[in-house]
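**Student:** Questions regarding the structure given below will be posed in turn.
2 protein chains.
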Amino acid sequence: MNVVTISREFGSGGREVGKRLADALGYAYYDTEIIDLIAKKAGMDKNYVSTVLESSPSYAIHFGATFSAIPLYDNATQVLVAQREVFEELMSKGNCIIVGRGASCLLNKDNVFSIFVYADEKTKVERCLARDTTHTETEKSIKKMIKRIDRNRRHYHETYFGVEWGRKENYDIAINTSGMEIKKIIPGLAAYVKGYFENK
Amino acid sequence: MNVVTISREFGSGGREVGKRLADALGYAYYDTEIIDLIAKKAGMDKNYVSTVLESSPSYAIHFGATFSAIPLYDNATQVLVAQREVFEELMSKGNCIIVGRGASCLLNKDNVFSIFVYADEKTKVERCLARDTTHTETEKSIKKMIKRIDRNRRHYHETYFGVEWGRKENYDIAINTSGMEIKKIIPGLAAYVKGYFENK
Chain R
563 MNVVTISREF GSGGREVGKR LADALGYAYY DTEIIDLIAK KAGMDKNYVS TVLESSPSYA
623 IHFGATFSAI PLYDNATQVL VAQREVFEEL MSKGNCIIVG RGASCLLNKD NVFSIFVYAD
683 EKTKVERCLA RDTTHTETEK SIKKMIKRID RNRRHYHETY FGVEWGRKEN YDIAINTSGM
743 EIKKIIPGLA AYVKGYFENK
Chain D
563 MNVVTISREF GSGGREVGKR LADALGYAYY DTEIIDLIAK KAGMDKNYVS TVLESSPSYA
623 IHFGATFSAI PLYDNATQVL VAQREVFEEL MSKGNCIIVG RGASCLLNKD NVFSIFVYAD
683 EKTKVERCLA RDTTHTETEK SIKKMIKRID RNRRHYHETY FGVEWGRKEN YDIAINTSGM
743 EIKKIIPGLA AYVKGYFENK
């Protein structure tokens, strides 16, 4: 089965890229529902799972530490194990696109095409303001949110996977959506993904 | 007119991407001949032009230095001026693809789609060995060559344009050709470029 993973800067349009690409390729699309599936599998509260996956870890993992200081098998590890199992189950069902949740780090690389989506700050702020239906956000509050969320994503990847989030070498393609209308880039991206899997 | 610029790590297949993409899009393709055109325009020896464009600058440009220490209008600057003029003339002739020579930094961004091509070391070494028809290179010599050439490209961009070479934010797309057969990625890339210019 083929899997496309999408990692993205907050506000870069990564989720829209994922949804539209899934439609174009006829792949299943998984995003926030992954949290529910992991929570169910791990037998944990979904708010806790969400905290592990989306917040900056509040402690460092020290492999050199003594067992008395660091639990060998803690709750966060259980989430990671459940997460990997959920991804493997989703893959086994058929071709799919997974947005976020560290999928690009957790899946076997062979059947995976990994995309990183980024954009300049101006574009990201505009996109976030456009989808703020409550009209409570300001340019300043959005900029702060972008910084905080992306910092958490970076910390999450570094802490759990030892991977530099956003470093192009860790992805098959990195696309800049600055000033772009997302739907216009989908036919090309879909064709690129098809070419990649034909290459394998 | 639309211009596609291709910057690339040595051995990443960037030149092949450029040639095949030009064929797929029906664009003109410019690569090493640019050196001749610049030399002719600047009235300089093409070996000198080549040295300026492809070697690590042997001196730093200090804008704060006194005029007595640094010539106001030196030969390297003349090359840069000629280079920009050559690019603009090529653009005015019609849609084209320009490989290397700092084109992504020198051209007006509005009509330019910029690509960065990269790959893992294993792939780059294999590609270089495969095209070494003299059979005089070794894995070790190739690795040294890759390092040297890419270091020069990085220095050239930093010194003349103040731009970090290879940083994804400086390009519209960055593509990883590790283990890939270049021709398989061209239809997708061509479709992506078309989508980009329709977006503008």
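Sequence lines, in order, name chains R and D.
Using the working numbering, you'd call the opening residue of the first sequence number 563 and step up by one each time.
Using the working numbering, you'd call the opening residue of the second sequence number 563 and step up by one each time.
Cβ atoms here follow ideal geometry from the backbone N, Cα and C, with glycine treated the same way.
Owing to the predicted nature of the structure, the values given are computational and were not obtained by experimental measurement.
Less than 6 angstroms between C-beta atoms, sequence neighbours within five positions excluded: which residues of the same chain meet that for serine 630/D?
**Tutor:** On the second sequence, position 68 is the one that residue 630/D refers to. Any reading at serine 630/D must be qualified, since the residue scores a pLDDT of 43, below 50, and its modelled position is unreliable; no value is offered.
**Student:** Between glutamate 743/R and the rest of its own chain, which residues show a CB-CB distance below 7 angstroms, the 5 nearest in sequence each way excluded?
**Tutor:** As a first step, residue 743/R is located in the first sequence; it is residue number 181 there, counting from the start. Within the same chain, glutamate 743/R has no close Cβ partners at all.
**Student:** Give the DSSP-derived three-state secondary structure of alanine 736/R in the structure shown.
**Tutor:** Within the first sequence, the letter at position 174 stands for residue 736/R. Strand at alanine 736/R.
**Student:** Compute the distance between the beta-carbons of valine 579/R and isoleucine 735/R, then report whether it is under 9 angstroms.
**Tutor:** For this step, residue 579/R is matched to residue 17 along the first sequence. For this step, residue 735/R is matched to residue 173 along the first sequence. No, they are not a contact pair.
**Student:** Let me check understanding here. Comparing Cα to Cα, which of Glu731/D, Cys667/D and Gly724/D lies closest to threonine 567/D?
**Tutor:** For the purposes of this step, residue 567/D is taken as residue 5 along the second sequence, with counting starting at 1. Cα-wise, what sits closest to threonine 567/D is Cys667/D.
**Student:** Check glutamate 698/R in the structure and name its three-state DSSP category.
**Tutor:** One-based indexing of the first sequence puts residue 698/R at position 136. For the sequence presented, residue 698/R should be read as threonine rather than glutamate. Correct three-state label for threonine 698/R: coil.
**Student:** Would you kindly work out how many angstroms separate the C-alpha atoms of phenylalanine 625/D and glutamate 647/R, rounded to a whole number?
**Tutor:** Counted from its first residue, the second sequence places residue 625/D at position 63. Counted from its first residue, the first sequence places residue 647/R at position 85. Summary for phenylalanine 625/D: the model assigns pLDDT 43, below 50, so the residue's position carries little reliability; its value from the coordinates is reported in the next sentence. Their Cα atoms are separated by approximately 58 angstroms.
**Student:** Hey, phenylalanine 572/R and lysine 686/R are a contact pair by Cβ (cut 8 angstroms); roughly how many whole angstroms apart?
**Tutor:** Counting from 1 along the first sequence, the entry for residue 572/R is found at position 10. Counting from 1 along the first sequence, the entry for residue 686/R is found at position 124. Confirmed, about 7 angstroms.
**Student:** Does the beta-carbon distance from isoleucine 659/D to leucine 583/D come in below 9 angstroms?
**Tutor:** Within the second sequence, the letter at position 97 stands for residue 659/D. Within the second sequence, the letter at position 21 stands for residue 583/D. The answer is yes: Cβ separation under 9 angstroms.
**Student:** Mind checking aspartate 598/D: buried by the 16 CB within 10 Å criterion, or exposed?
**Tutor:** In the second sequence, counting from the first residue as 1, residue 598/D sits at position 36. Per the 10 Å Cβ criterion, exposed.
**Student:** What are the boundary residues of the beta strand (DSSP E) that threonine 567/D is part of?
**Tutor:** As a working note, residue 567/D is residue 5 in the second sequence. Start and end: 565-570.
**Student:** According to DSSP, which residues form a beta bridge with alanine 590/D?
**Tutor:** If you number the second sequence from 1, residue 590/D lands on position 28. Answer is Cys658/D, bridged to alanine 590/D.
**Student:** Taking only beta-carbon positions, decide if lysine 602/D is within less than 9 angstroms of chain R.
**Tutor:** Here residue 602/D is taken as the residue at index 40 of the second sequence, counted from 1. So no, lysine 602/D is outside the interface.
**Student:** Assign tyrosine 754/D to one of two classes, buried (16 or more other C-beta atoms within 10 Å of its C-beta) or exposed (fewer than that).
**Tutor:** As a position in the second sequence, residue 754/D is number 192, starting the count at 1. With 16 or more Cβ atoms within 10 Å of its Cβ, tyrosine 754/D is classed as buried.
**Student:** Rounded to a whole number of angstroms, what is the C-alpha to C-alpha distance between glycine 588/D and proline 749/D?
**Tutor:** Mapped onto the second sequence, residue 588/D falls at position 26. Mapped onto the second sequence, residue 749/D falls at position 187. When rounded, the distance between both Cα atoms is 13 angstroms.
**Student:** Apart from the five residues just before and just after asparagine 564/R, which ones in its own chain have a Cβ nearer than 6 angstroms to its Cβ?
**Tutor:** Position 2 of the first sequence, counted from the first residue, corresponds to residue 564/R. The answer, listed in chain order, is Asn657, Asn673 and Phe759.
**Student:** Hey, how far is the Cα of valine 614/D from the Cα of methionine 707/D?
**Tutor:** Counting from one through the second sequence, the residue named residue 614/D turns up at place 52. Counting from one through the second sequence, the residue named residue 707/D turns up at place 145. Cα-Cα distance, rounded: 18 angstroms.
**Student:** Quick one: which chain D residues come within Cβ less than 8 angstroms of lysine 746/R?
**Tutor:** For the purposes of this step, residue 746/R is taken as residue 184 along the first sequence, with counting starting at 1. The contacting residues are Gly757, Tyr758, Glu760 and Asn761.
**Student:** Would you say tyrosine 754/R reaches chain D, if we count a Cβ-Cβ gap shorter than 9 angstroms as a contact?
**Tutor:** Counted from its first residue, the first sequence places residue 754/R at position 192. It does; some Cβ of chain D falls within 9 angstroms.
**Student:** Residue range of the beta strand (DSSP E) that serine 676/R falls in?
**Tutor:** In the first sequence, counting from the first residue as 1, residue 676/R sits at position 114. Taken as a continuous stretch (DSSP letters only), the beta strand (DSSP E) holding serine 676/R covers 674-680.
**Student:** Using CA coordinates, which residue listed in Leu669/D, Thr739/D and Ser654/D is at the minimum distance from arginine 689/D?
**Tutor:** Against the second sequence, residue 689/D aligns to sequence position 127. For the residues Leu669/D, Thr739/D and Ser654/D, the minimum Cα distance to arginine 689/D belongs to Thr739/D.
**Student:** Verify the CB distance criterion: does alanine 736/D have a CB-CB separation below 9 angstroms to chain R?
**Tutor:** Translated into positions along the second sequence, residue 736/D becomes position 174. Yes, its Cβ sits closer than 9 angstroms to a Cβ of chain R.
**Student:** On the DSSP letters alone, give me the boundaries of the alpha helix (DSSP H) that lysine 608/R sits inside.
**Tutor:** Position 46 of the first sequence holds residue 608/R. Taken as a continuous stretch (DSSP letters only), the alpha helix (DSSP H) holding lysine 608/R covers 608-616.
**Student:** What are the boundary residues of the alpha helix (DSSP H) that lysine 745/R is part of?
**Tutor:** Counting from one through the first sequence, the residue named residue 745/R turns up at place 183. First-last of the alpha helix (DSSP H) with lysine 745/R: 744-761.
**Student:** What are the start and end residues of the alpha helix (DSSP H) that includes isoleucine 687/D?
**Tutor:** Looking up residue 687/D in the second sequence gives position 125. For clarity, residue 687/D is valine in the given sequence; the question names isoleucine instead. It spans 683-692 - the alpha helix (DSSP H) in which valine 687/D sits, taken as one unbroken run.
**Student:** If you measure from the beta carbon of aspartate 712/R to each beta carbon in chain D, is any gap under 9 angstroms?
**Tutor:** Against the first sequence, residue 712/R aligns to sequence position 150. Closer than 9 angstroms: no.
**Student:** Is it right to say histidine 719/D is buried, meaning 16 or more other beta carbons lie within 10 angstroms of its own, or is it exposed?
**Tutor:** As a working note, residue 719/D is residue 157 in the second sequence. Burial call: buried.
**Student:** For chain D, find out if any of its Cβ atoms is closer than 9 angstroms to the Cβ of glutamate 720/R; answer yes or no.
**Tutor:** Within the first sequence, the letter at position 158 stands for residue 720/R. Chain D, which has no Cβ nearer than 9 angstroms to the Cβ of glutamate 720/R, makes this no.
**Student:** Mapping DSSP to helix, strand and coil, what is glycine 576/R?
**Tutor:** Within the first sequence, residue 576/R is the residue found at index 14, counting from 1. Of the three classes helix, strand and coil, the one that applies to glycine 576/R here is helix, per DSSP.
**Student:** For the candidate residues Thr721/R, Arg715/R and Tyr722/R, whose alpha-carbon lies nearest to that of glycine 728/R?
**Tutor:** Translated into positions along the first sequence, residue 728/R becomes position 166. With distances taken between Cα atoms, glycine 728/R lies closest to Arg715/R.
**Student:** Near alanine 752/R, which residues of its chain fall below 8 angstroms by C-beta distance, leaving aside the five closest residues on each side in sequence?
**Tutor:** By one-based count along the first sequence, residue 752/R stands at place 190. Leu583, Ala586 and Leu587, listed in sequence order.
**Student:** Starting from lysine 730/D, trace the alpha helix (DSSP H) both ways and give me its first and last residue.
**Tutor:** The residue labelled residue 730/D in the question sits at position 168 within the second sequence. No alpha helix (DSSP H) holds lysine 730/D; DSSP gives it neither H nor E.
**Student:** By how many angstroms is the C-alpha of lysine 730/D removed from the C-alpha of tyrosine 680/D?
**Tutor:** As a first step, residue 680/D is located in the second sequence; it is residue number 118 there, counting from the start. As a first step, residue 730/D is located in the second sequence; it is residue number 168 there, counting from the start. Taking the straight line from one Cα to the other gives about 11 angstroms.
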